[in-house]
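In this note's numbering, the protein residues as written are 49 to 518. Every residue, glycine too, gets a C-beta built ideally from N, C-alpha and C. What follows is a short report on a single structure.
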């Protein structure tokens, strides 16, 4: 028994280590790209990624989920950096972490229950599209060699597992393409062509900004936006990874972990980050299940920067593009498309609109927010149509028997069904089988009673809790 447990433990450690090495290869070009988006030195993004990866491994709530600098957050930093400089970015990162920690402390993770599956599907599908589109820039002005290497990378990724699963196929594909590029002296873009990797040790640093209310008002809009986007993208990614691994993890603990990671990173001259769905999927797909995988990813990135920068610089972009293409294929919900005819029309509409908004605006938070609001409106409309009102005479009393939800959307339907001009002297509004949800519904009932009473009618309102006569 102990031998079996020991073997399982060794297998798990090995899987986490290999997954961490594979994941960091996909993370490198993205980290550099995010730095360009934010308008900062590429090494700021690299060191931020290292810091966040290691800290979230310790304090986070979702093992094997990869957190780092993110494009969705980098976009929000551009204006602050351009107008006030990088020191304000460091301060905003610290404040972002504080806000996110408070989100976790206030148990705001449970708000994810209000995000319907159609919105999550839209979020995932739109992200797959954005990742695919973002990779197309690497094909610009490239020869057939680029296309051949991307194709070769994908072939290795998908065919190698049929022979052996001992080593993650994406890691083998990147290593093979790097060796081919080096020995054949192929004229293709490499990581070194994107940005020069210049090792330097980040030191503890208090942002050089004025500490007053004016500065706070400058920082707060950016920090709050970063916290909300980080919250949305992290918890949606966590929901997806939980489903992939069939585990349930703490979203509140994850938010507190994200808060700690971002605040500490800000004090070491870094930029804020959040969970990355693409790298998280790669990590889990190649076997990661524990915190060791993300610790290894952080340490490997540090090793690449300080020791293996020469190797890092010659990794062909085509191989990394191939890995990201694999991610697009893996995370896109093809099953949903195959079954779209059997899906409720309202769910399909919400999914399509969520995708459209994210793809057009390149803002995941906007797509999710609009998707949730649209889902609420469609649900309210659908629920309102289930209100049933039956009229009948019981002796000399006209009875309106109401069945279903009575709230601000459906209450007007009840008001319109009441015949205020009929000849009845006694009216009963029976709410025994109705559910009065809000103040608007109660006001509508009171308005009906008042108008009927003003016309000289005797009115009874009956429900399962109380009965009142007017």
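- Nearest neighbour of residue 283 by Cα position, chosen from 239, 120, 323, 492, turns out to be 323.
- Secondary structure in the stretch 298-337: the beta strand (DSSP E) runs of 3 residues or longer, each lying completely within the stretch, are 321-323 in chain order.
- Boundaries for residue 411: no alpha helix (DSSP H) harbours it, and the DSSP string shows neither H nor E there.
- CA-CA distance, residue 288 to residue 344, rounds to 22 Å.
- Residue 111 and residue 129 have their C-alpha atoms spaced approximately 32 Å apart.
- By the C-beta density criterion, residue 460 is exposed, having fewer than 16 other C-beta atoms within 10 angstroms.
- Residue state for residue 253 is assigned as coil, using DSSP reduced to three classes.
- DSSP places residue 466 outside any beta strand (DSSP E), giving it a letter other than H or E.
- Residue pairing by DSSP places residue 440 opposite 447 in a beta bridge.
- For residue 260, no alpha helix (DSSP H) encloses it, and the DSSP letter there is neither H nor E.
- The secondary-structure analysis by DSSP pairs residue 419 with nothing; it has no beta-bridge partner.
- Its Cα nearest to that of residue 121, the residue 318 stands out among 318, 444, 463.
- Secondary structure note for residue 361: it is in no beta strand (DSSP E), and the uninterrupted alpha helix (DSSP H) holding it is 357-362.
- Per the C-alpha coordinates, the member of 473, 152, 493 positioned closest to residue 307 is 152.
- Shown here, residue 212 sits in coil according to DSSP, grouped into three states, outside any helix or strand.
- For the pair of segments examined, the stretch 364-372 was found to touch the stretch 231-239: the number of CB pairs separated by less than 8 Å reaches three.
- Taking a contact as a CB-CB distance under 8 Å, the pair residue 66 and residue 216 counts as one, their CB atoms being some 5 Å apart.
- If you check the CB distance, residue 399 and residue 285 do not come in under 8 Å.
- Residue burial is scored here from C-beta neighbours: residue 501 has fewer than 16 other C-beta atoms within 10 angstroms and is therefore classed as exposed.
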